[in-house]
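Engineer: Before we start, here is the structure in question, set down as C-alpha cells.
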Amino acid sequence: MTDTPHPEMTSFAISEATLFGLPGEIIVRGWAAQPDQVASVRIRVKDKVIGSCPLNAARPDVAVKLGHPEHPAHGFIFAGRADPAISRADYVEVIFMGRNGKPLHTLTRPIAQRDRLDALEIVYDFDSRQLRLTGCLFPSRHLRTLSVVFARGTSHTIRNLFQFRPEAKALDPEQRTLYSGFQDRIPFVGEGDVRTAQLKLNFTDGTHKFWPFPADLVLFNSPEGEVEEVVLDWVHDRIKLRGWYRSHTPVTGLSLTLNDQKVYGIPAIAPSERTQKAHGFRGTMAQEFTLAGTLSTAVPNPDALLRDEIEGQLRLQSQETELLATRTAQVATQRIWGEIVLAQFDRRNNMLHIDGILALPITPTHAQLVINNRRLDDPLPLQAQMIGGTGNFSWTHEINGVIPANGQIGLDFFDADGGEIGHLSLPATECLTVSRHGAVDGLNEAELANRLMKTYAKLPQPTGPSVCFVLQGNMTGVGSGGGARRLADLMESFHEAGYMTMLIDRSEPWNLLRWPQEYRRLRRFCHRHLMVPQPTKRHMGTLLAEMIDAGEFPQPAGFKPGNRTMSEILRLPPAKQAGAGLATRIDPQFNVVAAALLNGLGPRVAITSYAWSAPIHSLLHPSIHGVIDTNDLQALRAEAFAAAQATFGPEAVPDLQKFEVSLDEEVALLGTAQSLITISRSEQAFLCEHINPSKVVYAGLSGRSETPLPPSSADSRRVLFVGNLYEPNIDAANQMLKHVWPAVVARVPDAVLVICGRVCTALTDSDLPSVQLLGPVEDLTSEYGAAALTLNPVRFGTGASVKLVETLALGRCILSTPIGARNFEDAAEAGALQLAELESFAEAICELLLDPERRHLMESAAIAHAQEKLAPHAVHSDLFNLLESRLYY
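Residue numbers (the numbering used here): 390 to 1278.
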C-alpha cells in the first residue's frame, strides 16, 4: 500500500511505525507537504518523547505529486529505542514542530512488529576463549539458519536453533512461536573485536539480514549456570535438584526456585569435571550443586508442580551483589506420584489384578488397562484409598486376551469427571502369571520369594495413623473362617476411621484371584497386602536378612530384641515346637518374617490374631503398639470342647487333643502384647481376672451391611445354614440332617435346606433330595436374600457367631440354640431372633416357614437391633478409645 498523497489528503502523514530488532527498537517513517515550515519531528511513545529527527529524507514521489519536484526532502526516518515493554498494542505519536517552536500538527499510528530479537545475551569467556550467545528470535519470514559473522569475514552457524522458550509468550505479543530460542558456544580466537560481530538471518526465500551486536550488551566473564535435573517424589516425600554454575567471582549464596516456588534447603556443592569437559571450559572450575530433602517441607506447594512443565531458576550472590539470575525452561523432570507394586494375571479365569501406591491431591475413580501403549476395553472402576494425599489403589478385573511375555503393562488413571490424571506401568515380565494351583509360572519358590520381597521393599512408611493386621492364615479364600471374617470387620472399621490399613498373611498367588469378588471387596478397605506364602517363607526370611544388612529393608536404628539384630534372628534355625495345643500352632518362621516386615513398614498399631501370634510381639519395636485379637480364648474353647465330648460323645469332637490348651500357657503368651482384644464381654470379664484389666478391651463383631435385604418372599421355603469347617458346625449340620430335617420335610414337603461353606466336606448324611450342599460361595448375600430363614443349631462353642451377626445385619429371621446365641441374648429379648433347643428345631422351622408375617416382624426387629447395637461405632468404640489414649496421650 502506498502512502503517496492524493489531492484530497492532508499535508502530514505517518507511513510506518514498526518494532524490530532488540526490545524497544523502533523505526518511524512519514512526510510533510510543506517541508519549509517544519523544523523537526518529535516521536513520542506512551507519553514519553524518545527522540526527534529533521525532514531530510528524500521522498520524490511526494514532491512530484504535490507539485514541488525541486524539494524532494519531504520525508523523515526515525530509528531509536523506546521502553522495552512497548508492544503493538501501543501507539506512536508524531509531533511536527514549526520553526517558531510550536507544534504544527500531531498524528498517531498503531505500532506494528517485524523481525525482533529478544532476551539477547552475549558473553565472552577469556579463559575458555568462548563466545556464549543466547536469545529469542521472532522473524517475520521463515528462517533457514542463523549465524554469527565476525570482523574478519568468517562465520559460525548457530547449532541450537528453534529451542523451546516459554517466556516467548510475554516477549512476542503476536505469539508466533514458543520455539524461538537459540543458543551456542562459539570458539573465538583471533576474530577481532567481538563487539563488531553481527548476526546474520538467512531466510528460506534466499534473502538475508544483518544485525550488528549491540556494543552495550556484550559482557565479559559473566557467571552462568542452570538447573539440569529435578526429581519430585510424592510417594516417598523426597525432592532432588541437580545443576551447575561457573563464576569468576566467589559465590557466597545460591538459591533455587521451581516455577517461582522457592526451594528450601542447603545444597551440596563440589567441583564438576563432568561439566568442565561437557562445555569445553578452561581455567575457573565449574561447580555442581545437589539439593536433596523432604518434598513437603522443601517446597511450599508441591501439588502445584504435579502437572505443569518445570522451569528451574538459579540465583547466585556474592555478598550483597547478585551475580546471576537465570531460568532453565523444561528442566528434565522425573515425577514419582505413584508406582505399580504388584501385577498378577490368572490364566484360569483371565483375571488381572494390579495394585500400587498413589500420592495425588485428587483420588482417581477409574483406570483403563494399557498393554504395549495400547488402551484396552473401557475405563473400569478403581479402588483407591487416599489419606492426606497418599494412599494405595487396587484394580481387579477380567480382561479380554492375555498378557504378553514382553512389553509394558500399565494403567491410565481418570478422575470422577473422566479427566485423565496420569499413567503408571511396569514391564510385563514383572507380572506374576498363574496357570495352575501351587506355583507361579516360570518361578521357583526362591525366585517367587525374591520377587515378593523386592515388591515390599518399595513400600514407603506411612505418615499418618496406620495399622497392620497379621493373620497366620489366608484372607483371600472364600470360607476362610471366622478369624478371617473377624479381621476383615476390624480392618474395615480402621479404614473408616482414617487409618492406613495393611495386611500380612499367608495368602498365595495361585489363590489370590480364585475368588475375585471377595478379594476386590477386601481391597476396598485394605491399602496394602503383603503375602507370605507357606512354601516361600523360609526363602523370604533369608532374603529379608540380606536386605536388612544391605540397607534395602531398614529396621529401626539400634533395635536388638533379645540382644540380637533382626537379621541375626531371621538367620536362626526355626525352633521345633513340642507338645500340643498352642505350641503346635506357633509358626516361628512366619512370625519372625512378619515381625521384620512390621518393623520395616512402621505402622503405629500392629494387630495379630490368636494367642499363637504372641512371639511376634517380643520382636516389635516399642514405637509399634502391639495388640493381640484373641478371637476365642483357647483355654475356654478347650473346656467347652471337652464338655461337649463328654456330653455328646466322641463323634461331636473326634480329636480333643488338638484343642488341649493350658490357661497359664495362654495367659503367658497373651501377656507379651501391649493390649488385648476380646470378641465378647464375657471373655473380657474372664480375661481381666488373669491379666491387668487396663490392657483388655472389648471389640465385638459388627453387623455392617450397606443395605438390608428386602423382606423375605412369603412363599419361600428355603432354609439356610452357613458354616466353616469347625467342630460345632460339623456336629450341628449332621444333627440337622439326621434328626431335624426329615421331620421338617414330612410337614413341609417343598422345604429346601441349603448348606454353604466348607462344612459341606465333612457331612455324613448329605444325600437327602431336599438338601443342597453348595460349599464355599463367593457372594452369600444372594443366598441370604433367597432364604426364608437361617439356622444356628450348634450344641457347643465359644466366642461369637459370625453367621448370627450377618443374618441380623441383612435382616433375616434366624433360629438359634441358646448356646449359638451366646453373647447375643439382648437380640432374642428384642425379638430379632428365636431361641430353641435342637430337639425343638423341626417344629420351630415349620412354624416360621408357614408364618411369613411373623418372619417379617422378626426381620424388621433384626435390622433395628443390628443398626443400634451392632453398628461398628457401637461395638468398636472402646478399642479406638484405648488406642487413642495409648498413642496420643
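Ideal placement from N, C-alpha and C gives every residue a C-beta, glycine not left out.
(1) Taking 8 Å as the cut-off, does the stretch 1253–1272 touch the stretch 1163–1173 (at least 3 CB pairs, one atom from each stretch)?
(2) Going by the CB atoms, is the gap between R498 and Y480 shorter than 9 Å?
(3) Following the continuous alpha helix (DSSP H) through S1266, name the residue where it begins and the one where it ends.
(4) Who are K589's beta bridge partners in DSSP?
(5) In three-state terms, what does DSSP make of W784?
(6) Using 9 Å as the threshold, is the C-beta distance between F1030 and L1045 below it?
(7) Can you check which of these residues, T852, P922 and A756, is closest to A805 by C-alpha distance?
(8) I need the straight-line Cα distance from L1271 to P977, nearest angstrom please.
(9) Kindly provide the ranges of any alpha helix (DSSP H) runs that are 4 or more residues long and lie completely inside the stretch 1037–1109, ordered along the chain.
(10) Tell me, please, whether the stretch 901–912 touches the stretch 776–792 by the rule of three or more beta-carbon pairs shorter than 8 Å.
(11) Go ahead and label P396 buried or exposed: buried means 16 or more other beta carbons lie within 10 angstroms of its beta carbon, across all protein chains shown.
(12) Buried or exposed, going by whether 16 or more other CB atoms sit within 10 Å of the CB of A452?
(13) Secondary structure at M740, three-state DSSP: helix, strand or coil?
(14) Could you round the C-beta distance between G1092 and V1194 to whole angstroms and report it? I think they count as a contact, below 8 Å.
(15) Would you tell me roughly how many angstroms separate the C-alpha atoms of L590 and R533, rounded to the nearest one?
(16) Out of I500, H463 and R1184, which one is the CA nearest neighbour of A1032?
(17) Just to confirm the assignment, what range does the alpha helix (DSSP H) spanning W1130 have?
(18) What is the residue span of the beta strand (DSSP E) that A995 lies within?
(19) From which residue to which residue does the alpha helix (DSSP H) around A835 run?
(20) Between which residues of its own chain and L1058 is the CB-CB distance below 7 Å, once the five residues before and five after are set aside?
(21) Can you look up P691 in the DSSP assignment and give me helix, strand or coil?
(22) Take every Cβ of the stretch 874–883, pair it with every Cβ of the stretch 735–750, and state whether three or more of those distances are shorter than 8 Å.
(23) Put F883 into one of helix, strand or coil per three-state DSSP.
(24) On the DSSP letters alone, give me the boundaries of the beta strand (DSSP E) that G799 sits inside.
(25) Threshold first: 4 residues or longer. Then list the alpha helix (DSSP H) segments lying entirely within the stretch 919–986, N to C.
(26) Quick check: the Cα distance between E615 and T925, rounded to an integer number of angstroms?
(27) Determine, using beta carbons only, whether A1141 and P992 come nearer to each other than 9 Å.
(28) Which value, in whole angstroms, describes the spacing of the CA atoms of K1047 and L758?
(29) Just the Cα atoms here: how many angstroms apart are T954 and L765?
(30) Over the uninterrupted beta strand (DSSP E) stretch that includes Q676, give me the two end residues.
(31) Using only alpha-carbon positions, find the residue among Q423, A447, D472 and A471 that is nearest to L455.
(32) Between the stretch 637–655 and the stretch 697–706, do three or more beta carbon pairs fall short of 8 Å?
(33) Since S855 is in the beta strand (DSSP E), which residue starts that stretch and which ends it?
(34) Determine the extent of the alpha helix (DSSP H) in which Y513 is found, giving its start and end residues.
(35) Near V1085, what residues of its chain come up, given a Cβ to Cβ distance below 7 Å and the 5 sequence neighbours on each side ignored?
(36) Spatial neighbours of F592 within its chain, please: CB distance less than 8 Å, with the 5 preceding and 5 following residues excluded, ordered by chain position.
Structural biologist: With the given structure in hand:
(1) no
(2) Yes, the pair counts as a contact, with Cβ atoms nearer than the cut-off.
(3) Residues P1261 to Y1277.
(4) S536 and F599
(5) strand
(6) yes
(7) A756
(8) 29 Å
(9) 1052–1059 and 1070–1077
(10) yes
(11) Low confidence applies to P396: its pLDDT is 41, below 50, so where it sits in the model is not reliable, and the reading given next is rough at best. Its Cβ having fewer than 16 others within 10 Å, P396 is exposed.
(12) buried
(13) In the displayed model, M740 falls within a strand according to three-state DSSP.
(14) With a Cβ gap of about 5 Å, G1092 and V1194 count as contacting.
(15) 8 Å
(16) R1184
(17) W1130 to R1136
(18) V994 to S998
(19) E834 to A846
(20) L971, A1000 and A1003
(21) helix
(22) They do not touch, by the three-pair rule.
(23) In the structure shown, F883 sits in a helix (DSSP, three-state: H, G or I).
(24) Q797 to F803
(25) Runs of the alpha helix (DSSP H) inside the stretch 919–986: 926–938, 955–960 and 971–974.
(26) 50 Å
(27) Note that residue 1141 corresponds to Val in the displayed sequence, not to Ala. No. Outside cutoff.
(28) Distance between the alpha carbons of K1047 and L758 is about 48 Å.
(29) 48 Å
(30) Q676 -> beta strand (DSSP E) spans Q676 to T683.
(31) Q423
(32) yes
(33) S855 to V859
(34) In the DSSP assignment, Y513 falls outside any alpha helix (DSSP H) and lies within the beta strand (DSSP E) extending over A501 to D514.
(35) L1065, T1067, Q1073, L1076 and C1077
(36) Closer than 8 Å at Cβ, skipping near neighbours: P528, R530, H531, L532, R533 and K598.
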